[in-house]
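Remarks on the structure that follows.
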Amino acid sequence: MTPEYLSRFGGILIFILGGIAFVLLVVGIARMIRPNRPDENKLSPYECGEDPVGNVWTNFNVRFYLVALLFLLFEVELVLLFPWAVLFSDAESLATFGTSWIWISITEITLFLGMLIAGLAYAWRKGYLAWVKPDPKPETIEPVVPGALYEEINRQYERKK
Amino acid sequence: MENLFSNTLDGYLFLASLLFAIGVLGILIRRNIIIIFMCVELMLSAVNLLLTAFSVHHNDPNGQVFVFFIMAVAAAEITIGLAILVMIYRNTGSVSIDSLKKLKW
Amino acid sequence: MEQIIFIILSVLAVVGALAVIFSSNAVYSVLFLVLTFFAIAGHFILLNAQFLAIVNIIVYAGAIMVLFLFVIMLLNLNKDSEAPTPALARIAGAIAAGLLMVTIVGAFKGLSQGSDVALRGGEIGTVSRLGQVLFSDFLLPFEISSVLFLSAMIGAVMLGKKNLKDS
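Protein chains in written order, with our numbering: chain B, 1 to 161; chain Y, 162 to 266; chain U, 267 to 433.
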């Protein structure tokens, strides 16, 4: 005996299984009918003559780190707000709660969002969300030709004029 | 006993305690802080599963709301925890919990 | 049918969890934990907690695991650099965890709740039902969780900025 809700999700399950089966089927048919003659060039990751350099698993840039941390908090905040949005868009459930609930919940959500926005504003104001720029040092070049020589030449040409 | 392997309350109790025990095992035998962190998440997940099973069993949505709050707390915990972990790595150069032995007196 | 799905999902969850703690590469651990979370989301669907299933995938598999993977890649920890745990500690840990499980299962067995977790009517796992409870009985915890988020945000920013500076 399968409950009704499960048979609705059964469609999704069949879809997933169908997707897996389709991929396996296509790859399997391709494997069966293709000639199998590997050589070194065919087995390389890029078949365009590019030799891959280094490892795929490289260091991520530290610049994304703070943004990633804040993203997690805002994602959970979104998940907490979602039921409210669903309730609020549904006139039937609004009617069961009554008008006072509408204003209470709006105040509540405003406070909730205000807290998070305060946190974000704090981070922003302090410049923590700014993109960490590389700090280029201006190169100072010691000229081989002394500056006095240039000035001498300039003076000579000025006299000619 | 046959209930342990079916979707009855006993089955969920067994599965959740198994997942919880695997999480405890991971915390006890691994030295890598990230893996220990993941084991904590696993244990939280096992508790979530059990809360949901009991909530469905008693037909009471409060249990599922608790799961919500557990997820919210887990997210906050992960944010701070990973920030601390990166600091530990910057200071000691490793993510082994043995590098924090000095916290013992 | 339900029982078969339950067994498949349980095996996936347990195998994923075991692979998390026994794989030597942290990246593989993260990926196996994602598998476990997907299996648990499947369990939520089986329990008709539809919204929790989606939230589980979005928050745990989507955000938390990505953050873990991000930190592993940030610190370049994908090499196996972990010092092995002494054998005695391993055995002691295994015994302790096994005893804990036996204790928990034994305690639950004493409850002798063998009844089927079939739904007793009513869709309690839908978004609107959960929202009704969340915004009537749990208004204060909901509000307090925003303070938790605020403190977590400030903490993450303070700790994270120090990391940024000396890199």
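Just so you know, even glycine gets a beta-carbon here, dropped at the ideal spot from N, CA and C.
Using only CA atoms, which one of the options lies nearest to residue i?
i: Val-393 of chain U; options: Y:Ser-178, Y:Ile-188, Y:Ala-214, Y:Gln-225; result: Y:Gln-225
i: Thr-169 of chain Y; options: Y:Asn-252, Y:Thr-253, Y:Thr-213; result: Y:Thr-213
i: Gly-172 of chain Y; options: Y:Arg-191, Y:Ala-207, Y:Leu-189; result: Y:Ala-207
i: Phe-74 of chain B; options: U:Ser-295, U:Ile-390, U:Ser-412; result: U:Ser-412
i: Leu-416 of chain U; options: Y:Glu-202, Y:Ile-258, Y:Ala-236, Y:Thr-253; result: Y:Ala-236
i: Ile-231 of chain Y; options: U:Tyr-326, U:Asn-342, U:Leu-343, U:Ile-270; result: U:Tyr-326
i: Leu-174 of chain Y; options: U:Gly-376, U:Gly-421, U:Ile-390; result: U:Gly-376
i: Gly-328 of chain U; options: U:His-309, U:Leu-299, U:Leu-343; result: U:Leu-299
i: Val-217 of chain Y; options: U:Ile-390, U:Gly-426, U:Pro-407; result: U:Ile-390
i: Leu-275 of chain U; options: U:His-309, U:Gly-421, U:Asp-403, U:Ile-320; result: U:His-309
i: Thr-110 of chain B; options: B:Met-32, B:Gln-156, B:Trp-84; result: B:Trp-84
i: Asn-220 of chain Y; options: U:Asn-314, U:Val-321, U:Gly-426, U:Met-331; result: U:Asn-314
i: Ile-320 of chain U; options: U:Ala-307, U:Phe-408, U:Val-332; result: U:Ala-307
i: Arg-125 of chain B; options: U:Asp-403, U:Met-367, U:Ile-420, U:Ile-370; result: U:Ile-420
i: Gln-269 of chain U; options: U:Leu-297, U:Leu-312, U:Val-280, U:Thr-302; result: U:Leu-312
i: Ile-338 of chain U; options: Y:Tyr-250, Y:Asn-223, Y:Leu-261; result: Y:Tyr-250
i: Asn-342 of chain U; options: Y:Leu-210, Y:Ile-195, Y:Leu-176, Y:Leu-179; result: Y:Ile-195
i: Gly-127 of chain B; options: B:Ile-104, B:Arg-155, B:Val-67, B:Ala-30; result: B:Val-67
i: Leu-340 of chain U; options: Y:Leu-246, Y:Ile-188, Y:Met-199; result: Y:Leu-246
Hey, does residue i have any beta-carbon neighbour from chain U nearer than 8 Å?
i: Thr-253 of chain Y; result: no
i: Gly-11 of chain B; result: no
i: Leu-70 of chain B; result: yes
i: Ser-206 of chain Y; result: yes
i: Ile-118 of chain B; result: The identity of residue 118 of chain B in the sequence shown is Ala, whereas the question assumes Ile. Yes, Ala-118 of chain B counts as interfacial toward chain U.
i: Val-53 of chain B; result: no
i: Ile-196 of chain Y; result: yes
i: Ile-20 of chain B; result: no
i: Leu-183 of chain Y; result: According to the sequence as given, residue 183 of chain Y is Ile; it is not Leu. For Ile-183 of chain Y, the answer is yes, since a Cβ of chain U falls inside 8 Å of its Cβ.
i: Ser-178 of chain Y; result: yes
i: Ala-123 of chain B; result: yes
i: Leu-73 of chain B; result: yes
i: Leu-66 of chain B; result: yes
i: Val-201 of chain Y; result: no
Could you tell me whether the Cβ of residue i comes closer than 8 Å to any Cβ of chain B?
i: Ile-188 of chain Y; result: no
i: Ala-236 of chain Y; result: yes
i: Phe-310 of chain U; result: no
i: Ala-329 of chain U; result: yes
i: Leu-340 of chain U; result: yes
i: Phe-334 of chain U; result: no
i: Ser-394 of chain U; result: yes
i: Ile-270 of chain U; result: no
i: Ile-323 of chain U; result: no
How long is the line joining the alpha carbons of residue i and residue j, rounded to whole angstroms?
i: Leu-405 of chain U; j: Met-267 of chain U; result: 39 Å
i: Leu-284 of chain U; j: Ile-183 of chain Y; result: 7 Å
i: Gly-98 of chain B; j: Ala-118 of chain B; result: 30 Å
i: Ile-410 of chain U; j: Phe-15 of chain B; result: 41 Å
i: Leu-414 of chain U; j: Leu-70 of chain B; result: 13 Å
i: Trp-168 of chain B; j: Phe-401 of chain U; result: For residue 168 of chain B there is no data in the structure shown, the boundaries of chain B being 1 and 161.
i: Ser-295 of chain U; j: Gly-282 of chain U; result: 9 Å
i: Asn-36 of chain B; j: Leu-43 of chain B; result: 12 Å
i: Ala-233 of chain Y; j: Glu-77 of chain B; result: 8 Å
i: Leu-318 of chain U; j: Ile-258 of chain Y; result: 33 Å
i: Ala-418 of chain U; j: Ile-241 of chain Y; result: 6 Å
i: Ile-190 of chain Y; j: Ile-287 of chain U; result: 8 Å
i: Leu-94 of chain B; j: Arg-395 of chain U; result: 12 Å
i: Asn-291 of chain U; j: Ala-355 of chain U; result: 20 Å
i: Met-115 of chain B; j: Phe-304 of chain U; result: 32 Å
i: Ser-255 of chain Y; j: Phe-334 of chain U; result: 16 Å
i: Pro-226 of chain U; j: Asn-193 of chain Y; result: Chain U is shown from 267 up to 433; residue 226 of chain U falls before or after that span and cannot be answered.
i: Met-162 of chain Y; j: Ile-370 of chain U; result: With a pLDDT of 48 at Met-162 of chain Y, under the threshold of 50, the modelled position of this residue cannot be trusted; read the value that follows with caution. Cα-Cα distance, rounded: 16 Å.
i: Ile-20 of chain B; j: Leu-87 of chain B; result: 36 Å
Got a sec: is the Cβ-Cβ distance from residue i to anything in chain Y below 8 Å?
i: Met-1 of chain B; result: Confidence at Met-1 of chain B is low in this model, with a pLDDT of 46, below 50, so the placement of that residue is unreliable and no value is reported for it.
i: Val-86 of chain B; result: no
i: Gly-391 of chain U; result: yes
i: Val-76 of chain B; result: yes
i: Leu-81 of chain B; result: no
i: Gly-376 of chain U; result: no
i: Leu-129 of chain B; result: no
i: Leu-25 of chain B; result: no
Is the beta carbon of residue i within less than 7 Å of some heavy atom of the ligand MN?
i: Phe-175 of chain Y; result: Of the ligands one can find in the structure shown there are none, so the ligand MN has no counterpart to examine.
* To do: Check distances from the C-beta atoms of the stretch 351-374 of chain U to those of chain Y and list, in chain order, the residues that come in under 8 Å.
  => Thr-351, Ala-355, Arg-356, Ala-358, Gly-359, Ala-360, Ala-362, Ala-363, Gly-364, Leu-366, Met-367, Ile-370, Val-371, Phe-374
* To do: List in chain order: all unbroken alpha helix (DSSP H) runs of 4+ residues lying wholly within the stretch 348-430 of chain U.
  => 353-375, 393-400
* **Contact set between the stretch 273-306 of chain U and chain Y, restricted to residues whose Cβ is under 8 Å from the partner** => Ile-273, Ser-276, Ala-279, Val-280, Ala-283, Leu-284, Val-286, Ile-287, Ala-292, Ser-295, Val-296, Leu-299, Thr-302, Phe-303, Ile-306
* Asked: Residues in the stretch 400-421 of chain U with C-beta within 9 Å of chain B's C-beta atoms, listed in sequence order?
  -> Leu-400, Phe-401, Ser-402, Leu-405, Phe-408, Glu-409, Ser-411, Ser-412, Val-413, Phe-415, Leu-416, Ser-417, Ala-418, Met-419, Ile-420
* Output, in sequence order along the chain, the residues in the stretch 217-246 of chain Y whose CB is closer than 8 Å to any CB in chain B. => Phe-229, Met-232, Ala-233, Ala-236, Ala-237, Ile-239, Thr-240, Leu-243, Ala-244
* Identify each residue in the stretch 93-116 of chain B for which the Cβ-Cβ distance to at least one residue of chain U is less than 7 Å, and report them in chain order. => Ser-93, Ser-105, Glu-108, Leu-111, Phe-112, Met-115, Leu-116
* Could you name each continuous alpha helix (DSSP H) segment of 4 residues or more that falls completely within the stretch 171-225 of chain Y, going from the start of the chain to the end? => 194-218
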